[in-house]
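For the sequence shown, the residue numbers in the working numbering are 429 to 1147.
As structure tokens, the structure follows; a few thoughts come after it.
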Amino acid sequence: MFQNIVRFLAIFFFGFVSSSTFSPARPPSIPLAVRSPYLNTWLAVGGDEATGGHLAERWPRFYTGSINGWVGMIRVDGETYSWMGQPGPDPVTQVSVEYTSTKSVFTMNVNDMVEMRISFLSPIAPDDMKRQSLVFSYLEVEVAAADGSTHDVQLYADISAEWISGDLSALANWDYGAVDDVVYHKIFRQTELKYSESGDKADWGNWYWATGAADGVSYQSGEDNVVRGLFATSGFLESSADDNFRAINAQWPVFAFSHDLGAVGTHSQSVLYSIGLAQTDAIQFNGAGDVRPLKSLWTEYFGNELEALHFFHHDYSTASSMAASLDSKIEEDSISAAGENYMIITTLSTRQSFAATQLVGSLGQPYLFLKEISSNGNTQTVDVIFPAHPIFLYTNPYLLKLLLIPHFENQEAGKYPHDWAIHDLGTHYPNATGHPEGDDEHMPLEECGNMLIMMLAYAQKSGDWDFLADHYEMLVQWAEFLVDESLIPEHQLSTDDFAGKMANQTNLAVKGMIGLEAMSVIASATGHLEDADDYSAIAHDYIDQWLTLGIAHDESPPHTTLGYGLNDTYGLLYNIYEDAALGLDLVPDWVYDMQSSFYPFVEARYGVALDTRHDWTKGRYPTRILKPRLTGMPLARSDWEIFVAAVSSLETRNMLIGDIAKWINETTTDHPLTDLYDSKLGGYPGIMFTARPVMGAAFALLTMEGKAPVLQRQRASAA
Ligand SMILES: *[C@@H]1O[C@H](CO)[C@@H](O)[C@H](O)[C@H]1NC(C)=O
Ligand SMILES: *[C@@H]1O[C@H](CO)[C@@H](O)[C@H](O)[C@H]1NC(C)=O
Ligand SMILES: *[C@@H]1O[C@H](CO)[C@@H](O)[C@H](O)[C@H]1NC(C)=O
Ligand SMILES: *[C@@H]1O[C@H](CO)[C@@H](O)[C@H](O)[C@H]1NC(C)=O
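Have a look at this one:
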């Protein structure tokens, strides 16, 4: 009601309410420059309808929510408007925002005189290690007259030093220069703290904010109000540098460019900017031998960081067309697999999934390192790589190999004391220094299952069975653990660690059994035929028992339980996804049918909650919850829901996909895409589960190749 009155008054007094359209949906947050764990800047949408998703009315923010000062202004016939960043003169009118897998594009109307098209491109090149290794992103601004006449136009854009550290009292240092025809501001911490973070931002490396040298380009560094104020009143900058190096928050130094575009008519003119981070040393790794530094992989392709910057800035047309073909591949494949709603999810998930990773090492031995963004910052977490792995299988399975190699290198060097698979390779990114004392967050059954499953998935997609043969001994060690532990799982954590430990978890047990069947396939493909028979026999014996132990005997429609023997409980049985995806055929078809028919009974507005632990009305374990504020909130995990959708009947699949798309479109949350939310009200549970790579799970349907048993039968009976 109140909102309606405000709207009415606004219409009454101002004639219109600025309201942008969003397509293909209105996401909780729009990716701007989302390219790596440290180049990860977003625009919040959810929450406030009037300003949400309006580029000129909210600050761009790092995924943690801290501001990354990024300001844009445009001067048209002597009047200045802002097009990016919160403060400043009148905002331009935002007409629309559109996102694809690699791009976010804003269309702006400047007082009906000029139209702007502002494109943020974070290129992804899954098959091109040279391009993929660069931690840079593009911003292109196109300007044209909208009213058929010509206008005198100047364009402005700056960044603040907030990008270089989360510690605002840190001293910033900067420089201005040119490499060939690319001019740049270089900004860095006066005292680098290698491999350190503050507020998840990197405390080392050089930031670059660059544009092409041309007539009419001027620059300036200096205090925010001074530099922005000068442009706002005059339309130019002094081409001068502030040499008073100081703290990020001491008269906030900003680094600006202005472009005098002169008379702009209906033919559009464009300005291209590049922004990015150059770190020579990127990761500390405890692999074979001593702990050693790993360099960013781009250092193998370029003599120095200026060459890298120059290459990137001049690569825009190639990068754009490569990105456009990836965009349309993902869009077309998604729509043909499961329709528009599914495409809404996959396209929004792409940048954040890749942006949790970074290519490092040498051409001889590259690695892909991954940060468990937001949930705790661990390095190379196995049960985060696991939900993410479909996006790598889909785009380039070799990337999955590069994620797994560091685990083998560490554990085969005897640097983990337990006989199960390690949880992660370091408590905090970028340190992959392992856990020689075995003090990681133990998820023994989960991670053994994950490693065996992902190894088989990789080999099936790539044909590279040698990789499995090379690590056979380690795989046997993990398989033996599953032989001991997967039928009656001990009191332990599963990947959903926020829910606490539990014994006899039905879904965890079946992962172990699927891991054993996967091991049987690995054994036979690598010539260990006896092992193959043994592991398969055990897996089949276990699954027969599981079919009794794990099914509910209560009044509701039949379904699997959260834990053995626990009537009145359920949990999403997402681990059977791998039985179908790997074509193992271990789990009987009727289990898929049963689960497909059950989920609609527990559907909430925004999906099916993960399990019964978080809902007072159903839960047997309300007190087990780690965070009291979560109590009573039926939590959805969208990554696992997509795994479930991939092996459900058409109706249940479309229900789950539709619920997640609806949540994306409606949630009041303004965090980067989260994979954990309130399935009834759509809100944010208050713990950080945002911008996580686990949303790579969105691609689960695209790596199935028609293997879901329920769907196969539905298709067969329709034919
Ligand atoms: C990584 O390890 C170094 C010591 O080698 C330490 O100074 C740094 O703070 C660690 N980084 C993080 C993010 O914990
Ligand atoms: C786990 O399930 C087995 C088989 O039903 C049962 O014997 C055992 O007591 C259960 N363990 C716990 C801790 O509930
Ligand atoms: C579960 O429900 C079945 C059928 O109502 C009942 O026979 C059984 O005793 C219940 N088990 C437990 C542990 O409550
Ligand atoms: C998103 O919301 C808009 C406006 O309410 C609506 O037109 C559109 O159909 C919705 N899309 C989805 C996927 O829910």
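By construction, the Cβ of each residue, glycine as well, lies at the ideal position given by its N, Cα and C atoms.
Asked, Found
"Contacting residues, own chain, Cβ-Cβ under 7 Å from MET390 (five flanking each side not counted)", "With the chain covering only 429 through 1147, there is no way to say anything about residue 390."
"Status (buried if at least 16 other CB within 10 Å, exposed otherwise) for HIS981", "exposed"
"Own chain partners of ALA960 with C-beta closer than 7 Å, once the 5 adjacent residues on each side are dropped", "SER948, ALA951 and SER952"
"Three-state secondary structure (DSSP) of PHE926", "helix"
"Closer than 6 Å: ALA980 CB and nearest ligand 2 heavy atom", "no"
"Proximity to PRO1166 [Cα-Cα], best of ILE1070, GLY717 and THR1131", "This structure cannot speak to residue 1166, because the chain is shown only from 429 to 1147."
"From GLY862, GLY497, SER698 and GLY594, residue whose alpha carbon lies closest to that of LEU689", "SER698"
"Heavy atoms of ligand 2 versus C-beta positions, residues under 6 Å", "ILE916, ALA931, ASN932, LEU977, TYR992 and GLY993"
"Own chain, CB closer than 7 Å to PRO1028, minus 5 neighbours either side, in chain order", "THR1080 and MET1083"
"Contact the region 622–641 vs the region 654–665: 3+ CB pairs below 8 Å", "no"
"CB of SER667 within 7 Å of CB of SER646, strictly", "yes"
"Same chain, Cβ closer than 6 Å to VAL1036, neighbours up to 5 away in sequence not counted", "TYR1027 and VAL1030"
"From ALA553, TYR612, ALA931 and SER577, residue whose alpha carbon lies closest to that of ALA638", "TYR612"
"Three-way DSSP call (helix, strand, coil) for TYR466 in this model", "coil"
"Per-residue burial, GLY1047 [other beta carbons within 10 Å of its own, 16 or more giving buried]", "Its pLDDT being 39, under 50, GLY1047 is placed unreliably by the model, and the measurement read from it follows with that caveat. Buried, since its Cβ has 16 or more Cβ neighbours within 10 Å."
"Sequence-ordered residues whose beta carbon comes within less than 5 Å of a heavy atom of ligand 1", "TYR623, SER624, GLU625, HIS856 and ASN859"
"Contact test: ASN1093 Cβ vs ligand 6 heavy atom, cutoff 6 Å", "Ligand 6 is not part of the structure shown, which contains ligand 1, ligand 2, ligand 3 and ligand 4 as its ligands."
"Where the beta strand (DSSP E) through TRP511 begins and ends", "507–512"
"Span of the alpha helix (DSSP H), counted from its first residue to its last, around HIS817", "810–823"
"Residue range of the unbroken alpha helix (DSSP H) whose run includes LEU776", "768–782"
"Contact test: ALA1064 Cβ vs ligand 4 heavy atom, cutoff 6 Å", "no"
"According to DSSP, residues forming a beta bridge with LYS531", "LEU549"
"ALA453 Cβ short of 6 Å to ligand 4 heavy atom set", "yes"
"Three-state secondary structure assigned by DSSP to LEU903", "helix"
"GLN973 in three-state terms, based on DSSP", "helix"
"Classification of GLY792 by the beta-carbon crowding that lies within 10 angstroms, buried from 16 upward", "exposed"
"Residue closest to LEU921, alpha-carbon to alpha-carbon, out of ALA931, LEU725, SER914 and GLU913", "ALA931"
"Supposed close pair ASP868, ILE850 - CB separation, criterion 8 Å", "6 Å"
"Sub-7 Å separation of ASN634 and GLN618 beta-carbons", "no"
"Proximity of GLY605 and GLY627 at Cβ, strictly below 7 Å", "no"
"Per-residue burial, SER724 [other beta carbons within 10 Å of its own, 16 or more giving buried]", "buried"
"Residue environment, ASN1003, which counts as buried when at least 16 other CB atoms sit within 10 Å", "buried"
"Residue(s) in a DSSP beta bridge with GLN1023", "According to DSSP, which records beta bridges pairwise, GLN1023 is partnered with nothing at all."
"Cross-strand partners of GLN697 (DSSP beta bridge)", "VAL571"
"6 Å CB neighbourhood of THR1131 in its chain, flanking five on each side removed", "PRO818, LEU821 and TYR822"
"LYS1090: CB within 6 Å of a non-hydrogen atom of ligand 4", "yes"
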